[in-house]
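> Count along the sequence shown from 1, add 30, and you get the number used in my numbering.
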Amino acid sequence: MTTQPPLVFDRARLAANVARRNGASDFVTDLVIADLADRLAPVTRDFTRALIMGPDPRLLPKTAHSSNGGIEFEIVSTLVPVSGFAIVDPERLVLPASDYDLIVSLLDLQTVNDVPGFLASLRRHLAPDGLLVAALVGGRTLTELRDAFLAADVEMLGGVIPRVAPMIDVRDAGALLQRAGFALPVTDLETHTVRYRTPLALFDELRTIGATNPLLDRGQRFLTARHLMRAAEIYTEKFSDPDGRVRATLEILWLSGWAPHENQQKPLRPGSATTSLRDVLGDKSRT
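(1) Please go through the same chain and pick out, in chain order, the residues whose beta-carbon is closer than 8 Å to the beta-carbon of Thr266, but skip the five residues on each side of it.
(2) So, helix, strand or coil for Phe269, using DSSP?
(3) Got a sec? Which residues, its chain only, sit under 7 Å from Thr317 by beta carbon, not counting five neighbours each side?
(4) Taking the alpha carbon of Asn47 as the point to measure from, which residue in Leu172, Leu258 and Ile239 has its own alpha carbon closest?
(5) Under 8 Å Cβ to Cβ from Ile101, same chain only, skipping five residues before and after it: list those, please.
(6) To the nearest angstrom, how far is the alpha carbon of Pro91 from that of Glu292?
(7) Can you list, in chain order, the residues of its chain with a C-beta nearer than 7 Å to that of Gly301? Leave out the 5 residues immediately preceding and following it.
(8) Leaving out five residues on either side along the sequence, give the residues of the same chain with a beta carbon under 8 Å from the beta carbon of Ile198.
(9) Does any heavy atom of the ligand PLP sit closer than 8 Å to the C-beta of Asp218?
(10) Thinking C-alpha only, which one of Ala231, Gly188 and Leu125 is nearest Leu175?
(11) In the DSSP assignment, what residue or residues form a beta bridge with Val167?
(12) What's the gap between the Cα of Leu219 and the Cα of Asp40?
(13) Going by beta carbon distance, what residues of the same chain come within less than 7 Å of Val184, once the five residues before and after it are set aside?
(14) From Ala150, Ala181 and Val200, pick the residue whose C-alpha is nearest to that of Val124; which is it?
(15) If Glu281 and Thr221 are in contact, beta carbons under 8 Å, what's the gap, nearest whole angstrom?
(16) In whole angstroms, what is the alpha-carbon distance linking Asp60 and Met83?
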């Protein structure tokens with residue numbers, strides 16, 4: 031019997047939050063799209079059938095470039111139904127084709143309940159030696175906000191209410207790609223510090239871009255103005271700079287891997303290397 035993963039995210043609530051934006055861009059998506067262009071530009075491959083997917087298809091690029099030329103994307107939505115775009119369910123992924131030589135997933139993975147299943151489904155939709163590139167919000171994002179609300183909850187409620195979604199850590203990402211059957215997995219992390227005039231300015235921006243509490247188990251207590259102000263006070267006390275502005279951490283975790291193919295580079299067997307690390311670095315034990 032197959033064990034179903036626990037349901038962590040309220041995807042209907044997420045869809046409603048994102049839909050209210052009506053296609054308005056935000057700096058996180060803009061940052062990720064610009065970084066994607068930089069990452070694809072040096073790749074020496076022809077991508078003749080490429081697909082890009084994300085929560086709101088209106089924000090996704092139609093084209094990109096590799097060093098071999100232009101890339102035209104087929105665009106699908108993973109959250110918000112938009113006229114003119116196909117919509118797919120990441121939890122039961124069925125894409126229009128199964129022979130893509132490039133699939134790009136932007137900001138999907140941090141709200142998927144079954145991450146290994148989603149990655150395995152993406153691999154099955156790639157042609158042999160096809161490339162997956164994925165970007166998601168990393169594990170230390172909004173740690174300041176998490177800490178401030180944790181302290182306010184304990185102080186005012188005597189306990190903790192889940193408010194910030196769990197996120198994938200970079201140390202786990204490579205193992206997830208391998209578990210899903212990808213070859214030559216690569217992960218890397220970009221960390222940004224975003225500053226705001228006040229914590230309330232951060233709260234307002236999160237609400238505007240639809241990034242409010244996405245958890246199914248978010249409790250039934252309403253957030254009172256007094257509770258919110260206490261969290262803002264704690265945030266200011268712990269995470270403000272000398273000029274009075276407050277910091278917020280944003281991590282973007284990038285994953286890439288290839289659908290297996292017999293002609294791909296293979297890792298060496300343990301013990302088969304002909305050059306030792308000591309030969310490369312020099313024998314420091316003698317000095």
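Cβ atoms here follow ideal geometry from the backbone N, Cα and C, with glycine treated the same way.
Put simply:
(1) Working through the sequence shown from its first residue, we reach residue 266 at position 236. These residues qualify, in order along the chain: Thr228, Pro229 and Val276.
(2) On the sequence shown, position 239 is the one that residue 269 refers to. Looking at Phe269 - three-state DSSP - the assignment turns out to be helix.
(3) On the sequence shown, residue 317 is found 287 positions in, with the first residue counted as 1. Here Thr317 scores only 36 on pLDDT, less than 50, and its place in the model is too uncertain to base an answer on.
(4) Residue mapping note: residue 47 aligns to position 17 of the sequence shown, counting from 1. Selected option, being the one with the closest Cα: Ile239.
(5) Numbered from 1 along the sequence shown, position 71 holds the residue referred to as residue 101. Sequence-distant partners of Ile101 (beyond 5 residues in either direction) whose C-beta falls short of 8 Å from its own C-beta, in its chain, are Leu70, Phe77, Ala80, Thr93, Ala94, His95 and Leu132.
(6) For the purposes of this step, residue 91 is identified with residue 61 of the sequence shown, where counting begins at 1. For the purposes of this step, residue 292 is identified with residue 262 of the sequence shown, where counting begins at 1. Spanning the alpha carbons of Pro91 and Glu292 requires a straight line of approximately 32 Å.
(7) Residue 301 sits at position 271 when you count from the first residue of the sequence shown. Here Gly301 scores only 47 on pLDDT, less than 50, and its place in the model should not be relied on; the value that follows carries that caveat. None.
(8) Within the sequence shown, residue 198 is the residue found at index 168, counting from 1. If we look at Ile198 and ignore the five residues flanking it on each side, its Cβ neighbours are Leu139, Gln140, Val145, Leu166, Gly168, Gly169, Leu206 and Leu283.
(9) Absence of the ligand PLP from the depicted structure is noted, as is the absence of any ligand whatsoever, leaving it without description.
(10) For the purposes of this step, residue 175 is taken as the residue at position 145 of the sequence shown. Ranked by Cα distance from Leu175, the first of Ala231, Gly188 and Leu125 is Ala231.
(11) On the sequence shown, position 137 is the one that residue 167 refers to. Per DSSP, Ile282.
(12) What you label residue 219 is simply residue 189 of the sequence shown in a count that begins at 1. What you label residue 40 is simply residue 10 of the sequence shown in a count that begins at 1. The C-alpha of Leu219 lies about 26 Å from the C-alpha of Asp40.
(13) Walking along the sequence shown from the start, residue 184 turns up at place 154. Within the same chain, Val190 come within 7 Å of Val184 by CB-CB distance, once the 5 residues on both sides are set aside.
(14) Translated into positions along the sequence shown, residue 124 becomes position 94. Out of Ala150, Ala181 and Val200, Ala150 has the C-alpha closest to the C-alpha of Val124.
(15) Locating residue 281 in the sequence shown gives position 251, counting from the first residue. Locating residue 221 in the sequence shown gives position 191, counting from the first residue. With 8 Å as the limit, Glu281 and Thr221 qualify as a contact, their Cβ atoms being about 5 Å apart.
(16) Stepping through the sequence shown from its first residue, residue 60 is reached at position 30. Stepping through the sequence shown from its first residue, residue 83 is reached at position 53. Cα-Cα distance, rounded: 15 Å.
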